[in-house]
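Chains as they are written, first to last, in this note's numbering: chain B, 26 to 142; chain L, 54 to 165.
Have a look at the structure below, then the notes.
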Amino acid sequence: DGGITQSPKYLFRKEGQNVTLSCEQNLNHDAMYWYRQDPGQGLRLIYYSQIVNDFQKGDIAEGYSVSREKKESFPLTVTSAQKNPTAFYLCASSIAAWRSSYNSPLHFGNGTRLTVT
Amino acid sequence: DQQVKQNSPSLRVQEGRISILNCDYTNSMFDYFLWYKKYPAEGPTFLISISSIKDKNEDGRFTVFLNKSAKHLSLHIVPSQPGDSAVYFCAASGLNTDKLIFGTGTRLQVFP
């Protein structure tokens with residue numbers, strides 16, 4: 026079955042450490058996204074990538090970095106510069122970014138809950 | 054600046070009755086709207102969408118209504134079932150953007 030796999034489901038880190046969240050998709054989708062969910066704030070876009078080796082900042086990119094070396098993979102690194110890293114992180118993909126809302130809704134993974142203490 | 058707003062953080066509805074979830078938007082360039090459903094500790098799943106050329110779209114128990122002049126859309130669930138208990142997000146996009154803007158979500162609880 027095609028889908029998006031995020032790992033691990035729960036992640037704990039000490040403050041000051043960088044941590045990388047994995048996201049893999051086998052849907053052959055061009056576009057991939059990272060969202061962050063906080064209570065009462067909905068889903069906020071961190072980074073997105075429309076094609077391999079290209080990515081753009083979303084609304085809250087500060088303290089995060091990404092790479093897109095392969096079509097299937099879009100890892101997110103939460104750096105020590107991110108002031109409030111504890112959150113639920115969601116990865117998503119769509120056939121193509123510019124028409125993602127029209128022809129193919131976003132498909133989401135099941136998320137990674139990151140806790141930084 | 055919240056371009057997509059869901060002003061009701063929660064809603065309780067009795068099983069069998071109608072659930073109405075509301076969403077308002079501010080950007081007049083938005084022309085496509087979606088509803089996602091999310092269970093705890095899972096990713097959102099797509100529920101239903103509507104283009105701005107329509108004012109209604111129906112899929113089984115789910116109907117989305119769009120009022121462009123009021124910049125308002127709503128999701129109706131009839132009849133509501135306990136399995137509908139989840140957080141519902143509305144999202145919007147437009148021709149001049151390549152990303153979805155999500156609302157803050159409404160938690161629906163359907164009780165027996």
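We put the beta carbon where it would ideally sit given N, CA and C, even for glycine.
query                                                                                                                                                         : result
How about the stretch 99-116 of chain B and the stretch 37-56 of chain B: do they share at least three Cβ pairs that are nearer than 8 angstroms?             : yes
Thinking SER133 of chain L and GLY69 of chain L are a contact (beta carbons under 8 angstroms), I'd like their distance in whole angstroms, please.           : 7 angstroms
Which of the three DSSP states, helix, strand or coil, is assigned to ASP79 of chain B?                                                                       : strand
Buried or exposed for ARG61 of chain B, please, with buried defined as at least 16 other CB atoms from any protein chain shown within 10 angstroms of its CB. : buried
Which whole runs of the beta strand (DSSP E) in the stretch 38-100 of chain B are 3 residues long or more, in chain order?                                    : 44-50, 56-62, 68-76, 79-82, 89-91
Among the candidates L:PRO165, L:GLY147, L:SER105, L:CYS143, whose CA atom is the shortest distance from the CA of PRO62 of chain L?                          : L:CYS143
Tell me the rounded alpha-carbon separation between GLY67 of chain B and GLY156 of chain L.                                                                   : 6 angstroms
Less than 7 angstroms separating the beta-carbons of TYR72 of chain B and VAL91 of chain B?                                                                   : yes
Which residues, taken in chain order from the stretch 142-155 of chain L, show a beta carbon closer than 7 angstroms to some beta carbon of chain B?          : PHE142, SER146, ASP151, LYS152, LEU153, PHE155
In terms of alpha-carbon separation, which member of B:LEU139, B:GLY88, B:ILE76, B:PRO64 lies closest to VAL140 of chain L?                                   : B:PRO64
Is it true that the CB of LEU70 of chain B sits closer than 7 angstroms to the CB of GLY88 of chain B?                                                        : no
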